[in-house]
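S.K.: This is the structure I want to talk about, given as structure tokens.
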Amino acid sequence: MYRCAIVCFLGAVLACGCGRRDKEISPLLSAIMNDSVSMAYDRPGDSVPDDGCVRLRTRTKLPLSKLFNDINPQHIEVARRDGIIPVDSPDKAWTQGRGLVKIESNRYYFVDELTHSYPYLKPHAAALLAEIGRRFHDTLRARGGGDYRPKVTSVLRTPLTVGRLRRVNRNASQESAHQYATTFDLSYSKFICDDAASTRRTFEDLKNLLAEIVADLRSEGRCLVKHERKQACFHITSIAPADSIFENIQYE
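What follows is the structure in structure tokens.
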């Protein structure tokens, strides 16, 4: 029996705010990310009903380790080419003239409480994340419903946060693509359910649907993907389009 993917919420609501630099690029990304709204902080439920789930049809057939096998050196190569120079803090990225987008929870994905990274990405990477969330939402609705969002678990890291992470996770790479603001992790073991009364889905089916969406974007040349089994996430590095509209932004 598969567990239904239901997540409990606390009652408090976190307000989303934008700084001056965030507003510089928000008109461009607002059309992609759509209605960034205040979201309740989540607390995943450890015990959920085993019955009442509606199975979801997905196209994911291969094992995830074979489907997503882009190795770390490939991620690093693309990240160095398309990303920022590693910095000690997000603010220093602005001094380079390399603007970043602040990633916040919205109707298409949820940003977890980040302990070893900062919620910032290059514009083309932010657009990719928004596209994954949008396709996940639309495909789920087209295949029978269910009010779920993927969870972002890691975004921009600095050399300092990489060092701290390696103290608690020996598998963490010292040379991380996360340092270039092109890379983010999406959990495939935890999803946010915004309405427990909506169509119930299994974690397995939601994982396979997310894999399907990410695989499609990978085949379109939008990203590299590594299946991280121990961290239960998809490690995704965005590939900047040759003439990306997201790179034609003037920053102060």
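Just so it is clear: in the sequence shown, position 17 is 1270 by this note's numbering, and no numbers are missing.
Cβ atoms here follow ideal geometry from the backbone N, Cα and C, with glycine treated the same way.
(1) Checking the sheet assignment: what are the DSSP bridge partners for Pro-1403?
(2) Would you call the segment 1473-1493 in contact with the segment 1391-1399, where contact means no fewer than 3 C-beta pairs closer than 8 Å?
(3) Smallest Cα separation from Gly-1352: which of Tyr-1433, Ile-1445, Ile-1466, His-1488?
(4) Between the beta-carbon of His-1480 and the beta-carbon of Phe-1363, is there less than 9 Å?
(5) Identify the continuous beta strand (DSSP E) that holds His-1377 and give its terminal residues.
(6) Please report the distance separating the alpha-carbon of Ala-1379 from that of Pro-1326.
(7) For a test of the three-state rule: what should DSSP assign to Cys-1478, helix, strand or coil?
(8) I need the DSSP call for Asp-1365, collapsed to helix, strand or coil.
(9) Indicate whether Tyr-1361 and Ala-1383 have their beta-carbon atoms separated by less than 9 Å.
(10) Does Leu-1506 come out as helix, strand or coil in the three-state DSSP assignment?
(11) Comparing alpha-carbon positions, which option in Arg-1310, Cys-1306, Gly-1305 lies nearest Asn-1461?
(12) Could you round the C-beta distance between Phe-1389 and Pro-1372 to whole angstroms and report it? I think they count as a contact, below 8 Å.
(13) Measure the beta-carbon distance from Ser-1370 to His-1431 and round it to whole angstroms, keeping in mind my assumption that it falls under 8 Å.
(14) Starting from Cys-1486, follow its DSSP beta bridges and name the residues at the other end.
(15) Could you check which residue in Ile-1489, Ala-1449, Ala-1495 has the C-alpha nearest to that of Ile-1329?
(16) Tell me whether Ser-1342 is buried or exposed, calling it buried when 16 or more other Cβ atoms sit within 10 Å of its Cβ.
(17) Residues in the same chain with beta-carbon distance under 7 Å from Gly-1336, minus the five sequence neighbours each way, listed in chain order, please.
(18) So is Val-1305 buried or exposed if we call it buried at 16+ other beta carbons inside 10 Å?
(19) In the DSSP assignment, the alpha helix (DSSP H) including Ser-1318 goes from what residue to what residue?
(20) Tell me the DSSP bridge mates of Lys-1355?
(21) What does Leu-1309 pair with, by DSSP beta-bridge criteria?
(22) Name the one or two DSSP bridge partners that Leu-1409 has.
(23) Can you list, in chain order, the residues of its chain with a C-beta nearer than 6 Å to that of Ala-1284? Leave out the 5 residues immediately preceding and following it.
(24) Would you grab the beta carbon distance between Ser-1429 and Arg-1410 for me? Rounded to a whole angstrom, and I think it's under 8 Å.
(25) What residues in its chain sit with their C-beta under 7 Å from that of Leu-1333, if we drop five residues either side in the sequence?
(26) Measure the beta-carbon distance from Ser-1442 to Ala-1485 and round it to whole angstroms, keeping in mind my assumption that it falls under 8 Å.
M.R.: Inspection of the coordinates gives the following:
(1) Residue 1403 sits at position 150 when you count from the first residue of the sequence shown. Its beta-bridge partners are Phe-1444.
(2) no
(3) Working through the sequence shown from its first residue, we reach residue 1352 at position 99. The candidate whose alpha carbon is nearest that of Gly-1352 is Tyr-1433.
(4) The residue you call residue 1480 lines up with position 227 of the sequence shown. The residue you call residue 1363 lines up with position 110 of the sequence shown. No.
(5) Position 124 of the sequence shown, counted from the start, is the residue given in the question as residue 1377. Element bounds for His-1377: not the beta strand (DSSP E) but the alpha helix (DSSP H), 1376-1395.
(6) Position 126 of the sequence shown, counting from 1, holds the residue named residue 1379. Position 73 of the sequence shown, counting from 1, holds the residue named residue 1326. If you take the alpha carbons of Ala-1379 and Pro-1326, they lie about 22 Å apart.
(7) Taking the sequence shown and counting its residues from 1, the one referred to as residue 1478 is at position 225. Here the sequence assigns Val to residue 1478, which means Cys is not the residue at that position. Strand.
(8) As a first step, residue 1365 is located in the sequence shown; it is residue number 112 there, counting from the start. In this structure, Asp-1365 counts as coil in the three-state DSSP scheme.
(9) Counting from 1 along the sequence shown, the entry for residue 1361 is found at position 108. Counting from 1 along the sequence shown, the entry for residue 1383 is found at position 130. Going by C-beta atoms, Tyr-1361 is nearer than 9 Å to Ala-1383.
(10) Residue coverage of the chain in this structure runs from 1254 to 1505, which leaves residue 1506 outside it and unanswerable.
(11) Walking along the sequence shown from the start, residue 1461 turns up at place 208. Of the candidates Arg-1310, Cys-1306, Gly-1305, the one whose C-alpha sits nearest the C-alpha of Asn-1461 is Arg-1310.
(12) Looking up residue 1389 in the sequence shown gives position 136. Looking up residue 1372 in the sequence shown gives position 119. Not confirmed; about 19 Å, so no contact.
(13) By 1-based counting over the sequence shown, the position of residue 1370 is 117. By 1-based counting over the sequence shown, the position of residue 1431 is 178. With a Cβ gap of about 6 Å, Ser-1370 and His-1431 count as contacting.
(14) On the sequence shown, residue 1486 is found 233 positions in, with the first residue counted as 1. Ser-1440, Glu-1481, per the DSSP bridge assignment.
(15) Stepping through the sequence shown from its first residue, residue 1329 is reached at position 76. The shortest Cα separation from Ile-1329 among Ile-1489, Ala-1449, Ala-1495 belongs to Ile-1489.
(16) Position 89 of the sequence shown, counting from 1, holds the residue named residue 1342. The residue is exposed, with fewer than 16 neighbouring Cβ atoms inside 10 Å.
(17) Here residue 1336 corresponds to residue number 83 of the sequence shown, with the count starting at 1. So the list reads Lys-1375, Tyr-1433, Ala-1434, Thr-1435, once near-sequence residues are dropped.
(18) Within the sequence shown, numbered from 1, the residue matching residue 1305 stands at position 52. What sits at residue 1305 in the sequence shown is Gly, not Val. Exposed, by the Cβ-count rule.
(19) As a first step, residue 1318 must be located in the sequence shown, where it is residue number 65. Here the alpha helix (DSSP H) through Ser-1318 covers 1317-1320.
(20) Locating residue 1355 in the sequence shown gives position 102, counting from the first residue. Answer by DSSP bridge pairing, in chain order: Tyr-1373.
(21) Sequence index remark: in the sequence shown, residue 1309 carries index 56 (1-based). Note: Leu-1309 sits in no beta bridge, so no partner.
(22) Translated into positions along the sequence shown, residue 1409 becomes position 156. According to DSSP, Leu-1409 bridges with Tyr-1371.
(23) The residue given as residue 1284 occupies position 31 in the sequence shown. Unreliable positioning characterises Ala-1284 in this predicted model, as indicated by a pLDDT of 48, which lies under 50. The coordinate reading is nonetheless provided below. Within the same chain, Ala-1284 has no close Cβ partners at all.
(24) In the sequence shown, counting from the first residue as 1, residue 1429 sits at position 176. In the sequence shown, counting from the first residue as 1, residue 1410 sits at position 157. The Cβ separation is near 6 Å, so the contact holds.
(25) For the purposes of this step, residue 1333 is taken as the residue at position 80 of the sequence shown. Per the sequence shown, residue 1333 should be read as Arg rather than Leu. Result list for Arg-1333: Tyr-1433, in chain order.
(26) Within the sequence shown, residue 1442 is the residue found at index 189, counting from 1. Within the sequence shown, residue 1485 is the residue found at index 232, counting from 1. Right, the Cβ-Cβ distance comes to about 4 Å (below 8 Å), so this counts as a contact.
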